[in-house]
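**Student:** Got a structure here, written out as structure tokens. Questions coming.
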Amino acid sequence: MSNEEWDREQEFLDLLNGRLAELRAQAEEAVTEALTLEGTTFQARLERDVLVAERSGLLAAFEAGERGLCFGRLMFRDGRDHHIGRIGIRRDDEDRTPLVVDWRADVARPFYLATGHTPMGLRRRRHITTEGPEVTGLHDEILDLSDTIRTGHEGSDADAVLLAALDAARTGRMHDIVQTIQAEQDQIIRAPHRGVHVVEGGPGTGKTVVALHRAAYLLYAHRESLARRAVLIVGPNPAFLGYIGEVLPSLGETGVLLATVGELFPGVTATGTDTPEAAEVKGRAEMADALARCVRDRQTLPDPAIVIPHDDGELVLDRDIASEAGHKARETGLPHNLARPHFAFRVIDALTDQLVDRIGADPYGGPNLLGADDIAQLGKAIAVNPEVHAAIQELWPALTPQRLVADFLDDPRHLSDADAAAIRRTDGEWTPADVPLLDEAAELLGHDDSAARAAEEAERQERIDYAQGVLDLSYGSRTLEFEDREDEESEVLAAHDLIDAERLADRAEERDHRSAAERAAADRTWAFGHIIVDEAQELSAMAWRLLMRRSPTRSMTLVGDPAQTAEPGGCGSWSSILEPYVGDRWEHTRLGVNYRTPTEIMEVAARVARTVDPAFQPPRSVRATGVRPWAEHTGDLPGAVAAAVAWETRTEGRLAVIAPRGRHDALSAALPQASTGRSPDLTSAVVLLDPRQAKGLEFDTVIVAEPAEFGTSDLYVALTRATQRLGVLHTGPLPEGLRDLTGPADLFEPTEPTEPADHEGSDGSAGTVMSRNSARASSV
């Protein structure tokens, strides 16, 4: 094999790394210089902060690009030649010619879509494998059969690069697939960002990583709008967010907010745990009506009247006054707290009328003796009367979402006895299922910020007064020159000085320099440019109400698999999720190729799924390992798990023990090296999880403990997390679907790998194409 091509690619990679080093040095120098700026004026500080933010973002992109800076090359029949990489880099500051093209650019699409039947103008496609600054592999695909040049790097196996990536040991963090994006995945990644796009697929089909690359593509293609409004990615649990957290930074994108539903109410940390029954009840759409009735219950009438002492005789706030005031307040259509001032004004006006009638009445029957100024003074006195305020608070209280929901959970009115008993709670620990309730309460209540705005205006006036004092000192000598001028000219000068004082005060006010993602995290009412939801089938109806408020334009990508729905309150079907919000106006794409789970493991998982759905067809696995799954009965579960973990961890990679939550204490004691808890460290060699925590994750080896204690959906999820080896340990009978598994005696004597089963796709269609590259083989 000739090394000439290898040397050429190494020379190019050296050039590219040199250019990247130059750009990094320039960015670092710009950041350093900006940080040393004095910033003596507000404008200077603002320019400094903007420069630091821009250059720091650029620096982060350059650092991301270092990992696999260039991974492909496109050689076209018309002589064009482009290298493809994670980020785009130009030759120099003056020559704008691309040195390497960003994978998201349109010119890079043939790298992912071209086949022998549709070469898209290519004569050759090259995959370049690198490790640090060194080229470690080349793999050429010939797409133009008239191309007679041979480099010695042509491969007969068009799937070699993909399979090598699939077989690599896991690290505990999801890797990007920018080098191995398949055609069906590329179509989803580059789909228009408007509207709702549903991506459905079974375990291992790449739903999540496709969604993350879609986020990176949208930020590239629509950077101006999305960088300003931010992209929200919603995951099922903190462990999952930790697992995917490095994908977007590795692609040069950091302006994305990753959160669980339980983290989407600013100021609330949802660390509590609900029973499945409580989570299901809290997730029902009917909870919105129950909370609305609770708000209405707080708008009360006096029984029979509230008597308020006053210097000129008692004031009586009776049911008629309160009823009429409440009616007028509700007529505004405003939320409870925003309608409250209207209620208060009506009450104050009615009590003022009482007082006016009492002390201003003409004893001879004439018109009221009080003038408008007198009446206004009486009204002001009543408005500041603390007992009047207390009465208004009693009848139409100012409420916070936290107070309303806490009171509701303490006394769950408007629910059946069974549902009320399921959710009743008296402690103050919030759960993830409470967060959509808090968000709903916030919508029903509204936020009366009039007092805050008044305080801000008062502070601003103080700044103006201070600034005017500064100007007076500054212009003191000049002011003396105008002492003898006409009053009119003096007033013009004062007005000029006041305008300058206002400008000076406004410039002194600190601006918000946080990123869009940081500001969005702190603002419950933020409208995101695009929302991506993973494991979307698991979210409750109330959670969807929360998310739809965050996306008024309905620009969303929903990722999931209804067959894996395990949460009691999960909506499950796409139509039940989307019909209330967009009707049938949504796109649906199904991924049918399993890139994670080998055939041997997928066949076992499919047998389990068919115990409840005999017609179930799993996604088609692209590979087989020859290592069969095993099961063994034991009388000492913790001891057997510890022994299996010790045996399996002799090889490279990550191992997960997936067990029922009730077994974790005993297993954790037997596995001191395992990371566990609410948010375990997935980079550890061994982690202990329950099935819900394992959703969306993958490991080289998985040991499933006590599978009979899982529901079918949870067991299906647990079985499909492994990329290489799967074992089952149990103290009782095995569930149906696992009973054919035998002990691990010959576990490490692999059988010959078998071809993946050629079954129907999950949509009932004829067999799904294994991968994009399968169509290429015929062209080599």
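Yeah, the sequence shown ends on 780 if you go by full-length UniProt numbering, and it's all consecutive.
Just so it is clear, CB atoms sit at the ideal spot from N, CA and C, and this is done for glycine as well.
If you're wondering where the values come from, they're calculated on a predicted model, not measured in any experiment.
Ends of the alpha helix (DSSP H) at Ile382?
**Tutor:** Taking the first residue of the sequence shown as 1, we reach residue 382 at position 382. It spans 372-383 - the alpha helix (DSSP H) in which Ile382 sits, taken as one unbroken run.
**Student:** Is it right to say Lys380 is buried, meaning 16 or more other beta carbons lie within 10 angstroms of its own, or is it exposed?
**Tutor:** To locate residue 380, count along the sequence shown from 1; it is residue 380. Lys380 is exposed by the Cβ-count criterion.
**Student:** Taking only three categories from DSSP, how would you classify His389?
**Tutor:** Here residue 389 corresponds to residue number 389 of the sequence shown, with the count starting at 1. Three-state DSSP puts His389 in a helix.
**Student:** Identify every residue that forms a DSSP beta bridge with Leu558.
**Tutor:** Here residue 558 refers to the residue found at position 558 when the sequence shown is read from its first residue. Val198, Val533.
**Student:** Just how far apart, CA to CA, sit Asp144 and Ala183?
**Tutor:** Within the sequence shown, residue 144 is the residue found at index 144, counting from 1. Within the sequence shown, residue 183 is the residue found at index 183, counting from 1. In a straight line, the C-alpha of Asp144 is about 19 Å away from that of Ala183.
**Student:** What's the call for Gln724, buried or exposed, on a 16-neighbour Cβ count within 10 Å?
**Tutor:** Taking the sequence shown and counting its residues from 1, the one referred to as residue 724 is at position 724. Answer is buried; the Cβ neighbour count reaches 16.
**Student:** Using 8 Å for Cβ pairs, my map puts Arg223 next to Ile188. What's the rounded Cβ distance?
**Tutor:** Walking along the sequence shown from the start, residue 223 turns up at place 223. Walking along the sequence shown from the start, residue 188 turns up at place 188. Arg223 to Ile188, Cβ: 20 Å. No contact.
**Student:** What number of angstroms, rounded off, separates the C-alpha of Trp103 from the C-alpha of Gly88?
**Tutor:** The count along the sequence shown starts at 1 and reaches residue 103 at position 103. The count along the sequence shown starts at 1 and reaches residue 88 at position 88. Their backbone Cα atoms lie some 8 Å apart in a straight line.
**Student:** Using the Cβ count rule (16 or more neighbours within 10 Å means buried), how would you classify Ala508?
**Tutor:** Counted from its first residue, the sequence shown places residue 508 at position 508. For Ala508, the predicted structure reports a pLDDT of 46, less than 50, and the residue's modelled location is therefore unreliable. The matter cannot be settled from this model.
**Student:** Could you pull the start and end residues of the beta strand (DSSP E) that Asp357 belongs to?
**Tutor:** As a first step, residue 357 must be located in the sequence shown, where it is residue number 357. Note, Asp357: premise wrong, no beta strand (DSSP E); alpha helix (DSSP H) at 336-360.
**Student:** Just verifying my parser: in three-state terms, what is the DSSP assignment at Phe71?
**Tutor:** Position 71 of the sequence shown holds residue 71. Phe71 falls in the strand class under three-state DSSP.
**Student:** Count the other C-beta atoms from every protein chain shown that fall within 10 angstroms of the C-beta of His633, then say buried if there are 16 or more, exposed otherwise.
**Tutor:** As a working mapping, residue 633 is identified with position 633 in the sequence shown. Burial call: exposed.
**Student:** Measuring alpha carbon to alpha carbon, tell me which of Val405, Asp303, Ala420 ends up nearest Leu395.
**Tutor:** The count along the sequence shown starts at 1 and reaches residue 395 at position 395. Residue Asp303 is the option with its Cα nearest to Leu395.
**Student:** Starting from the Cα of Leu69, find the closest Cα among Asp427, Thr118, Gln179, Val347 and give me that residue.
**Tutor:** Mapped onto the sequence shown, residue 69 falls at position 69. If we check each option's Cα against that of Leu69, Gln179 comes out closest.
**Student:** Is it buried or exposed, Asp434, if we count other Cβ atoms within 10 angstroms and call 16 or more buried?
**Tutor:** The residue given as residue 434 occupies position 434 in the sequence shown. Buried is the call here.
**Student:** On the premise that Asp700 lies in contact with Gly653, defined as a C-beta separation below 8 Å, what is that separation, rounded to the nearest angstrom?
**Tutor:** Here the question's residue 653 lines up with position 653 in the sequence shown. Here the question's residue 700 lines up with position 700 in the sequence shown. Confirmed, about 3 Å.
**Student:** Give the secondary structure of Ser576 by DSSP, where H, G and I count as helix, E and B as strand, and everything else as coil.
**Tutor:** Here residue 576 refers to the residue found at position 576 of the sequence shown. Three-state DSSP puts Ser576 in a helix.
**Student:** For a test of the three-state rule: what should DSSP assign to Arg8, helix, strand or coil?
**Tutor:** Along the sequence shown, read from residue 1 onward, the residue named residue 8 stands at position 8. Reduced to three states, the DSSP call for Arg8 is helix.
**Student:** Can you check the stretch 586-670 for any alpha helix (DSSP H) of at least 4 residues that lies completely inside it and give the ranges in chain order?
**Tutor:** Entirely contained in the stretch 586-670, the alpha helix (DSSP H) runs reaching 4 residues are, in chain order, 599-609, 637-648, 664-670.
**Student:** Exposed or buried, Ala674, counting other C-beta atoms within 10 Å across all chains shown (16 or more means buried)?
**Tutor:** Looking up residue 674 in the sequence shown gives position 674. Per the 10 Å Cβ criterion, buried.
**Student:** Alpha carbons only, please: which of Gln354, Ala279, Met287 is nearest the one belonging to Gly313?
**Tutor:** Indexing the sequence shown from 1 puts residue 313 at position 313. Checking every option, the nearest Cα to that of Gly313 belongs to Gln354.
**Student:** Does Pro436 come out as helix, strand or coil in the three-state DSSP assignment?
**Tutor:** Position 436 of the sequence shown, counting from 1, holds the residue named residue 436. Pro436 falls in the helix class under three-state DSSP.
**Student:** Going along the chain, which residues of its own chain have a beta-carbon closer than 7 Å to the beta-carbon of Gly242, five neighbours each way excluded?
**Tutor:** Start at 1 with the first residue of the sequence shown, and residue 242 comes out as number 242. So the list reads Ser679, Leu682, once near-sequence residues are dropped.
**Student:** Take the Cβ of Ala398 as the centre, count every other Cβ of all protein chains shown within 10 Å, and call the residue buried at 16 or more, exposed below.
**Tutor:** As a working mapping, residue 398 is identified with position 398 in the sequence shown. It is exposed - the Cβ of Ala398 has fewer than 16 other Cβ atoms within 10 Å.
**Student:** Thinking just about the alpha-carbon of each residue, which of Glu131, Ala541, Val196, Ile382 is nearest to the one in Ala344?
**Tutor:** Within the sequence shown, numbered from 1, the residue matching residue 344 stands at position 344. Comparing Cα-Cα distances from Ala344 to each of Glu131, Ala541, Val196, Ile382, the minimum goes to Ile382.
**Student:** Just to confirm, are Ala391 and Ile308 a CB contact at a threshold of 8 Å?
**Tutor:** The residue labelled residue 391 in the question sits at position 391 within the sequence shown. The residue labelled residue 308 in the question sits at position 308 within the sequence shown. Yes, these two residues count as a Cβ contact at 8 Å.
**Student:** In this structure, how does DSSP classify Leu23 when only helix, strand and coil are distinguished?
**Tutor:** Residue numbering aside, residue 23 sits at position 23 when the sequence shown is read from its first letter. Residue state, collapsed to three classes: helix.
**Student:** Answer with buried or exposed for Tyr217, where buried requires no fewer than 16 other C-beta atoms within 10 angstroms of its C-beta.
**Tutor:** For the purposes of this step, residue 217 is identified with residue 217 of the sequence shown, where counting begins at 1. Buried.
**Student:** Quick check: the stretch 566-576 against the stretch 710-719, are at least 3 beta-carbon pairs closer than 8 Å?
**Tutor:** Yes, the stretch 710-719 touches the stretch 566-576.
**Student:** Taking 8 Å as the cut-off, does the stretch 407-416 touch the stretch 235-255 (at least 3 CB pairs, one atom from each stretch)?
**Tutor:** The stretch 235-255 vs the stretch 407-416: no contact.
**Student:** Could you give the first and the last residue of the continuous beta strand (DSSP E) run that contains Arg725?
**Tutor:** Working through the sequence shown from its first residue, we reach residue 725 at position 725. 722-730 is the extent of the beta strand (DSSP E) around Arg725.
**Student:** From Ala329 to Ala339, what does the alpha carbon distance come to, in whole angstroms?
**Tutor:** Locating residue 329 in the sequence shown gives position 329, where the first residue counts as 1. Locating residue 339 in the sequence shown gives position 339, where the first residue counts as 1. When rounded, the distance between both Cα atoms is 5 Å.
**Student:** Given a threshold of 16 other Cβ atoms within 10 Å of its Cβ, counted over all protein chains shown, does Asp763 qualify as buried or as exposed?
**Tutor:** Translated into the one-based positions of the sequence shown, residue 763 becomes position 763. At Asp763 the pLDDT is 36, less than 50, meaning the model places this residue with poor confidence; the figure from the coordinates comes in the next sentence. Under this definition Asp763 is an exposed residue.
**Student:** Cβ atoms of Leu578 and Val196: under 8 Å apart, would you say?
**Tutor:** Mapped onto the sequence shown, residue 196 falls at position 196. Mapped onto the sequence shown, residue 578 falls at position 578. Contact: yes.
**Student:** Pick out whichever of Glu736, Ala259, Thr275 has its Cα sitting closest to the Cα of Arg607.
**Tutor:** In the sequence shown, the residue the question calls residue 607 occupies position 607. The shortest Cα separation from Arg607 among Glu736, Ala259, Thr275 belongs to Glu736.
**Student:** Is the Cβ-Cβ distance between Thr742 and Glu706 less than 8 Å?
**Tutor:** Here the question's residue 742 lines up with position 742 in the sequence shown. Here the question's residue 706 lines up with position 706 in the sequence shown. Not closer than 8 Å, so no.
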